[in-house]
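Asker: What follows is a single structure, and I will ask about it in a moment.
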Amino acid sequence: MRRLPSLKLLLALLALHGGVPAAAAQDVTALRSRALAATCANCHGTGGRAVENASVPGLAGLPAPYLAEQMRAFKAGTRPATVMHQLAKGYSDAQIDQLAAHFAAQSK
27 MRRLPSLKLL LALLALHGGV PAAAAQDVTA LRSRALAATC ANCHGTGGRA
77 VENASVPGLA GLPAPYLAEQ MRAFKAGTRP ATVMHQLAKG YSDAQIDQLA
127 AHFAAQSK
């Protein structure tokens with residue numbers, strides 16, 4: 027079975043050949059960040075803004091180093107949690123940093 031090239035590679039190739047602006051290839055990273063962050067919306071609210079009186083905190087506007095540290099603590103099992111320790115294990119360090127940067131850039 028042949029493996030299909032990634033979207034990022036396709037956009038980069040199209041950009042080289044004038045089919046897509048170079049900025050579109052850079053937008054892939056932003057799109058992936060938003061898609062990754064969307065998985066957090068069920069508990070932490072859309073865009074990381076928790077609903078009023080929620081039992082889980084909002085993530086929007088928190089410092090990226092703090093968010094990354096907490097995610098890594100969940101992943102390592104050193105911070106108590108109900109489900110976050112299980113969820114965090116599914117993220118690579120790069121994805122954790124990407125999520126932290128994304129939520130830090132959001133307004134509260």
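Residues in the sequence shown are numbered consecutively from 27, following the numbering used here. Beta carbons: idealized from backbone N, C-alpha and C, even for Gly. For clarity, every value in this text was computed on a predicted model and none was experimentally measured.
1) With Phe-129 and Leu-62 assumed to form a contact (beta carbons below 8 Å), what rounded beta-carbon distance in angstroms separates them?
2) Mind the definition here: the stretch 115–131 touches the stretch 63–73 only if three or more C-beta pairs lie below 8 Å; say whether that holds.
3) Under 8 Å by Cβ, that's how I've got Ala-114 and Lys-101 pegged, so tell me the actual separation to the nearest angstrom.
4) Which ranges does the alpha helix (DSSP H) cover as unbroken runs of at least 4 residues, wholly within the stretch 72–118, from first to last along the chain?
5) Please work out which residues of its chain come closer than 7 Å, Cβ to Cβ, to Val-77, disregarding the five sequence neighbours upstream and downstream, and give them in chain order.
6) Using the three-state DSSP reduction, which class does Cys-69 fall into: helix, strand or coil?
7) For Ile-122 versus Arg-98, is the C-beta spacing smaller than 8 Å?
Answerer: Here's the rundown:
1) 10 Å between Cβ atoms; not a contact.
2) yes
3) 4 Å
4) 90–102 and 110–114
5) Gly-71
6) Of the three classes helix, strand and coil, the one that applies to Cys-69 here is helix, per DSSP.
7) yes
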